[in-house]
Amino acid sequence: MHRLLIVAAILLLASCAPWSLVGPGRTQVAGGKLSVEPGIAWNKRANIGAVGGSDVELWTQHGPVLDQLVFYGGVAPGEPLFQGPKKDEYPKFQSGMSAIDVMDLYQSSLVKALDARALKPHGLAPARFAGLDGFQFRLGYALKDDVDRELNAIGAIRDGKLYMIAWIGTRLYHYQKSLAEFERIAASAQIAG
Amino acid sequence: MRPTRREVLGGALCGCSVLALAGCASTPPGDRVAPSYKPARSSTEGDLWAAMERTEAELKRSRQLVRDKPLNAYVRDIACRLAEKHCGDLRLYLLRAPVFNAAMAPNGMMTVNTGLMLRTQNEAQLAAVLGHEIGHYLARHSLQRWESAQATMTATGILSLGLGLAGLGAVGSLAQIAGLAGLQAFSREQEHEADEIGFELMAAAGYRPVECARIWEQLIEEEKAGKKESSAGLLFASHPPSDERLATLRSRAEAIGPMQGSPFAERYAERMSGMRAALFEDELRLRQFDRSLVLFGQIAKAHGSEDGELAFWTGEVYRLRDEAGDRPRAREHFMRALARADAPVATHRSLGLLAQREGDRSGATAAFRRYLELAPDAPDREMIRSYLRG
Chain R
1 MHRLLIVAAI LLLASCAPWS LVGPGRTQVA GGKLSVEPGI AWNKRANIGA
51 VGGSDVELWT QHGPVLDQLV FYGGVAPGEP LFQGPKKDEY PKFQSGMSAI
101 DVMDLYQSSL VKALDARALK PHGLAPARFA GLDGFQFRLG YALKDDVDRE
151 LNAIGAIRDG KLYMIAWIGT RLYHYQKSLA EFERIAASAQ IAG
Chain V
194 MRPTRREVLG GALCGCSVLA LAGCASTPPG DRVAPSYKPA RSSTEGDLWA
244 AMERTEAELK RSRQLVRDKP LNAYVRDIAC RLAEKHCGDL RLYLLRAPVF
294 NAAMAPNGMM TVNTGLMLRT QNEAQLAAVL GHEIGHYLAR HSLQRWESAQ
344 ATMTATGILS LGLGLAGLGA VGSLAQIAGL AGLQAFSREQ EHEADEIGFE
394 LMAAAGYRPV ECARIWEQLI EEEKAGKKES SAGLLFASHP PSDERLATLR
444 SRAEAIGPMQ GSPFAERYAE RMSGMRAALF EDELRLRQFD RSLVLFGQIA
494 KAHGSEDGEL AFWTGEVYRL RDEAGDRPRA REHFMRALAR ADAPVATHRS
544 LGLLAQREGD RSGATAAFRR YLELAPDAPD REMIRSYLRG
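Residue numbers (the numbering used here), protein chains in the order written: chain R, 1 to 193; chain V, 194 to 583.
See the structure below:
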C-alpha cells in the first residue's frame, strides 16, 4: 500500500512536470500555429510564465536563465509579446506595424516586463521566414542579474498577425553555442494552415 | 533668520561625534552624522552598514552604471557643494534607469537615476533633490527605521528593507516599485526634516530656492497626466509631495527671496547634452505617452522653446501612440524638427514610417532616401533599402 502511494505520487508529479523533451524531427509548436524541424532534442516548457500565452512556446538547452528559444505563433493586434501580472501595461502589437516597429516593440517589452538594461540594437535586415518576406533583428541587453545576453529574432507578419522565433543566450557562451541550431530551426519554420 | 550652511552642517556635527569611534548605541531623532564617521562593526548601525556595503559591491558591477566620467564628476561636484565637509564620505553612482529616483544610503553610497536627470530642468532642481537626500543621510533617518524594524521583521523583510533603505528599488523590476517604495518611505517628520536641511544646503550653495518647490510641482503635473500608467518613480511614491509640503517649501523660498541665486540652467543643459538623446529614447521605451507629453512640454517651457531634438521625440510619442489625430500631430512635429539644424537624422526615418503607414509611397521613398543619405551606416539600413525596393 505504502509503495503504491509512492508510485502514485511520482506519477502525479511527473504529470505536472513543466518540462518535456521535444525533437529531433519535425514538430508542431506555439499551439500548432507553427511547425519546425530541430536537429537535436530540446527541453520544452509546458507553462512558460513570464513569456507566455497560448500561442507562445519556450524551449531551452541549458535552462531558461541561460538560453531560450521562443516561438510566437501569430500574435494578434492588441496583444502584448510578453505575459505577466502587469501585462495590461506592456506595449501591444498593432496592425500595420513595420519590422522597425516590431523591433522597437520587442525592446520596449523587455524594459517594461523584465527591467532590461544596456540595450544595444545590432542590426535589422529583411529575411525570408516561413516562405514570407519578413525580417531579422539582433540586439544585446542585460537583465537584473547583470549578465549580458544576445538576442536574434526572425519573423514575418501574415494576415495582420506576428509570427516570430527569438533565440536568446548569454553573450559569453550560450548564444553562440546553439546559434547554428537556431538558424536551422528558423529556416525550417512553416506556418500551419 | 535662516541658518547659514555652516550652522546647518554644524548641527550635523553634534550627537554621535563623541561616540563616533565606539558607534552609537541608539539613535535619538535629531542626531546628526559626523564627517568621516564609521560605526563599530558589532553595533546595530554596523549591521546596517555591512548590508549597504554588500549592496554597493553589487552596484559597482551593475550594467546600469553610467561610466561617463565628466558627467559623474559634474553630479558629484553638485553633491559635494551641498554636502561640504561630508564630501569625502559620499560615493556617487549614476544609474541608467528611466525611473525618477535618487537616494543616499547611511554608508555614503549615493545613487542618482538618469530618469531623474531628465526631469530636473536645471542644476538647482537636481541640487534640491540631492540636498533632500543628503538631509536624510545627515539626520540618519535610515538608521532610525532600521532600528525600529529589527525588532519586528523577519530576516527576509530586513534584507528587503536594506535594499529599500539603500534606495535601490529601481535596480529591481519596475513592477516592484510600489512595494519597495513602502519600504523606503520615511515618516512625515523625517520628510519635513530632510526638506528643511536640503532647502538650506541648496540655498546656501547659491541655488535658486524656488526651484525646490518647482521640481515637485512638475512631478505632480506629470503624475496627474499619467494616472492610468505606472508611477512616476520610486522617489515620488516614497516622498509623496503633499500640498502642505509644497506650501512650506514655497513660503521658505518666499522668505529668503525666491529668485535669489541661480538655477544654472544653461550649465545643466550643456553637461547633459551628450546623454540627452539616450534619455529620451529610454523614456519612449516605457510607452507612457501621456506622461511623456507632459514631461516634454515642461522641458520645452523650461528652455523657452522647443529644439529640433525635442520636437522629434514629441513627434515620436504621437507616432507610437497612433491614436485618432496623432499622425498629423506627429508629422507636424517632425517637420518642425527638420526646420532646425539640430534635428536628429532619425526624423527622416520616422517621417518615412509615418508616410508608409498612411500609404503615401512617394513621401515614404523621399524620406527613407534622405535618411540613408545622412546615415549610410545605420543599423537598419538593409531594412530601409528593402522598403525602397518596394
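Every residue, glycine too, gets a C-beta built ideally from N, C-alpha and C.
If you're wondering where the values come from, they're calculated on a predicted model, not measured in any experiment.
Assignment of Asn306 of chain V by DSSP, reduced to helix, strand and coil, places it in the strand class. Interface with chain V (8 Å Cβ-Cβ cutoff): Ala99 of chain R is included.
At the C-beta level, Ser335 of chain V and Leu241 of chain V come within 8 Å of one another. Cα atoms of Val65 of chain R and Leu143 of chain R: separation of roughly 10 Å, rounded to the nearest angstrom. Under the Cβ distance rule, Asp573 of chain V counts among the residues neighbouring chain R, one pair being separated by less than 8 Å. DSSP places Tyr330 of chain V in the helix class (H, G or I) of the three-state scheme. DSSP places Gly193 of chain R in the coil class of the three-state scheme, outside both helix and strand. Close partners of Leu124 of chain R in chain V (Cβ separation under 8 Å): Pro572, Asp573, Glu575 and Met576. For Phe129 of chain R, not one C-beta of chain V is nearer than 8 Å to its own C-beta. The alpha-carbon separation between Arg562 of chain V and Thr304 of chain V amounts to approximately 43 Å. One alpha carbon belongs to Ile165 of chain R, the other to Tyr72 of chain R, and they sit about 6 Å apart. Within the DSSP secondary-structure output, Ala295 of chain V pairs in a beta bridge with V:Val305.
For Thr558 of chain V and Gln549 of chain V, the gap between their C-alpha atoms comes out near 9 Å. At the C-beta level, Ser485 of chain V and Glu476 of chain V come within 8 Å of one another.
Below the 8 Å Cβ cutoff, chain R contributes Ser108, Val111 and Lys112 as neighbours of Leu479 of chain V, in chain order. For the options R:Gly39, R:Leu34, R:Gln190 and R:Arg45, the alpha carbon positioned closest to that of Leu21 of chain R is the one of R:Arg45. 8 Å or more divides the Cβ of Leu544 of chain V from the Cβ of Ala532 of chain V. A Cβ of chain V is located within less than 8 Å of the beta carbon of Ala118 of chain R. Taking CB atoms only, Gly31 of chain R has no neighbour in chain V less than 8 Å away.
Secondary-structure assignment with DSSP links Trp242 of chain V through no beta bridge to anything.
Distances from the alpha-carbon of Pro402 of chain V to those of V:Gly501, V:Gln318 and V:Met528 put V:Gln318 closest. Straight-line measurement puts the Cα of Leu288 of chain V at about 11 Å from the Cα of Asp261 of chain V. The DSSP assignment places complete beta strand (DSSP E) segments of no fewer than 3 residues inside the stretch 117-158 of chain R at 117-129, 132-142 and 148-158, in order along the chain.
With distances taken between CA atoms, Leu479 of chain V lies nearest to V:Phe293 out of V:Thr237, V:Phe293, V:Lys253 and V:Arg225.
The distance from the Cβ of Ala156 of chain R to that of Ala192 of chain R is about 14 Å, inconsistent with a contact at the 8 Å cut-off.
Legend: CB atoms of the stretch 244-277 of chain V lying less than 7 Å from CB atoms of chain R belong to residues Arg254, Ser255, Arg256 and Gln257. Annotation: Arg312 of chain V has no Cβ neighbours in chain R at a cutoff of 7 Å; minimum Cβ distance is about 18 Å.
One Cα belongs to Ala536 of chain V, the other to Arg184 of chain R, and the distance between them is close to 42 Å. Leu503 of chain V and Ala539 of chain V have their C-alpha atoms roughly 13 Å apart. In terms of beta-carbon proximity, Asp483 of chain V stays away from the interface with chain R, with every pair separated by 8 Å or more. Measuring C-alpha to C-alpha distances from Leu442 of chain V to each of V:Gly454, V:Tyr286 and V:Ala387 identifies V:Ala387 as the nearest.
For Phe71 of chain R, the secondary structure class from DSSP, reduced to helix, strand or coil, is strand. For Gln83 of chain R, the closest alpha carbon among the candidates R:His174, R:Leu114 and R:Arg149 is that of R:Leu114.
Counting every other CB atom within 10 Å of its CB across the protein chains shown gives Met452 of chain V a total below 16, marking it as exposed. Remark: C-beta atoms of Tyr564 of chain V and Arg542 of chain V approach each other more closely than 8 Å.
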